[in-house]
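Participant: Handing you a structure now.
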Ligand code: ADP
């Protein structure tokens, strides 16, 4: 079906509704008017009938009755009178009454003492309104009838009908015009909203749609669109910042790679010099690879493409695997790792992503700790939650930086970060994975004392095994890793 614009659809609905109302109104008005006119006519007939009834009572002879009826007829020419005997013999008929009328009426018996009213058709197209009753005449019972042609009533009804036939199309045209005018007026704010929304481009996301009445439907629509544009503005700002930060991050290792290669190519070098250059190249390439992986992870998460398959995961083995994989890094930095995982908790999650969380935080703890210190990892049940705590005794993070460390590309000390190979993305990735698991990540730090990161998840097994905590916590598992003094 052809879809018309809303203003036309509103116009047609409006016109259709109005036409229907007009039709119903006319449909009621016609019979009502007809009955009203008929009632007025009947009351006039009643008066005439009453008069004749009285005169027939008063008259002492048929001649006297005839005379008074003649006189009455002359006074009231619009009414005709017929007086019969019960044998249907006509005693008096006013001069307008034709033979056909007398015949038609005489075939209609009337011998009630009360008045009766009726409509008679004579010769196809002549209609009469007739009132009748019986009366006592000079020589006994008489039937008295007063009649009048129905033509004036029919003419009035026909005029009314003609008027309606002329006014209905006019009303329809007016309804169409009025409906269109109202629809255009009502939809004018929509046009305004469409115009503004159409003109907003990616570089003008600070523009908003003017809301004239925030309480009506269109005000709500404009408000919703404004909130949508505001969210888009925030998202686009984030993307811009992210892109700028990412390109900045990529520039540094690329510049190092280039300058190292140029330096090596400038003249012929010794084997040791080439080896040292290649080592830098490998380091920077590794850094670039890690950065590319992290950027990919974040952009996939942002785009919602990183749909994780959640299944019950035992958290302790995941932590212990990460601890084991970072043991050699700890060894190389002289940092001891100690794992105390006794939660036996099962969470609903994705083991690869969860190990990425623990890896990023544990790697930080090792990277930023001084040689000879210890990094501890613990898991324990707290109510229906499992808490994983990773604690180091490194330099700590200044309080003013603490609330920013989960932001993308945020580094407390960029020069120091570069030395340990950080890009400022590790914690933000960890946080987004934890959030996707419905968990919470918190960080506490004291300058000179160290840093403690706590991650909490709802336990998948908590509801099925109530009271499991006490038993499991009392039976904590201590894991000794090669360089983990227990
Ligand atoms: P990076 O990859 O640079 O380590 P992160 O997002 O993991 O980035 O961490 C953000 C910043 O927080 C780091 O640059 C570092 O300055 C600080 N930081 C994180 N963990 C620790 C820690 N255990 N001790 C001290 N500083 C830390």
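In this note's numbering, the protein residues as written are 78 to 563. Note that CB positions come from ideal geometry on N, CA and C, so glycine has one too.
#1: Can you list the beta strand (DSSP E) stretches of 3 or more residues lying completely in the segment 435-487, in chain order?
#2: Go ahead and pull the three-state DSSP assignment for residue 80.
#3: Return helix, strand or coil for residue 195, following the three-state DSSP convention.
#4: Quick check on residue 218: buried or exposed, where buried means 16 or more other Cβ atoms within 10 Å of its Cβ?
#5: In the segment 291-365, which residue ranges form an unbroken alpha helix (DSSP H) of at least 4 residues, counting only runs that do not cross its ends?
#6: Taking the alpha helix (DSSP H) that residue 427 belongs to, which residues open and close that run?
#7: Taking only three categories from DSSP, how would you classify residue 278?
#8: Count the other CB atoms, across all protein chains shown, that sit within 10 Å of the CB of residue 330; report buried if there are 16 or more and exposed otherwise.
#9: At a threshold of 7 Å, does residue 351 count as lining the ligand ADP (C-beta to nearest heavy atom)?
#10: For the segment 217-255, which segments carrying the beta strand (DSSP E) assignment without a break, of at least 3 residues, lie completely within its bounds, in sequence order?
#11: Between the beta-carbon of residue 465 and the beta-carbon of residue 532, is there less than 8 Å?
#12: Answer yes or no: do residue 210 and residue 130 have a C-beta to C-beta separation smaller than 8 Å?
#13: Is the beta carbon of residue 441 within less than 7 Å of some heavy atom of the ligand ADP?
#14: Buried or exposed: which applies to residue 471, given that a residue is buried once 16 or more other Cβ atoms fall within 10 Å of its Cβ?
#15: From residue 440 to residue 424, what distance separates their C-alpha atoms?
#16: Give a single yes or no on whether residue 471 has its beta carbon closer than 7 Å to a heavy atom of the ligand HEM.
#17: Report the rounded CA-to-CA distance for residue 298 versus residue 508, giving the unit in angstroms.
#18: Are the segment 87-94 and the segment 190-204 touching, with three or more C-beta to C-beta distances below 8 Å?
#19: Just to confirm the assignment, what range does the beta strand (DSSP E) spanning residue 214 have?
#20: Hey, residue 214 and residue 164: beta-carbon distance below 8 Å or not?
#21: For the alpha helix (DSSP H) holding residue 414, just list the boundary residues, first then last.
#22: What are the start and end residues of each continuous alpha helix (DSSP H) run of 4 or more residues lying completely inside the segment 123-155, in chain order?
#23: If you compare alpha carbons, which of 260, 357, 180 and 244 is closest to residue 198?
#24: So, with DSSP's three-state summary, where would you put residue 527?
#25: So, is residue 80 buried or exposed, given that buried needs 16 or more other C-beta atoms within 10 angstroms?
#26: Measure the C-alpha to C-alpha separation of residue 96 and residue 249 and round it to an integer number of angstroms.
#27: Consult DSSP for residue 389 and reduce its assignment to one of helix, strand or coil.
#28: Straight-line CA distance for residue 263 to residue 252?
#29: Contact check, residue 372 vs residue 332 under 8 Å by CB: the rounded distance?
#30: For residue 522, write down the residues that DSSP places opposite it in a beta bridge.
#31: Do residue 471 and the ligand ADP come close, with the Cβ less than 7 Å from some heavy atom?
#32: If you measure between the beta carbons of residue 462 and residue 534, is that distance less than 8 Å?
#33: Relative to the C-alpha of residue 486, which candidate in 522, 421, 315 and 242 has its C-alpha closest?
#34: On the three-state DSSP scale, how would you describe residue 270?
#35: So for residue 513, helix, strand or coil by DSSP?
#36: Do residue 403 and residue 443 have their C-beta atoms within less than 8 Å of each other?
Facilitator: So, from the listed chains and residues:
#1: 451-459 and 462-468
#2: coil
#3: strand
#4: exposed
#5: 294-343
#6: Taken as a continuous stretch (DSSP letters only), residue 427 belongs to no alpha helix (DSSP H), as it is neither H nor E.
#7: coil
#8: buried
#9: no
#10: 217-226
#11: yes
#12: yes
#13: yes
#14: buried
#15: 23 Å
#16: As far as ligands go, the structure on display features the ligand ADP and does not contain the ligand HEM.
#17: 35 Å
#18: no
#19: 203-214
#20: no
#21: Taken as a continuous stretch (DSSP letters only), residue 414 belongs to no alpha helix (DSSP H), being part of the beta strand (DSSP E) at 413-418.
#22: 139-152
#23: 180
#24: strand
#25: exposed
#26: 6 Å
#27: strand
#28: 16 Å
#29: Contact flag wrong, Cβ pair sits at about 18 Å.
#30: 528
#31: yes
#32: yes
#33: 315
#34: helix
#35: helix
#36: yes
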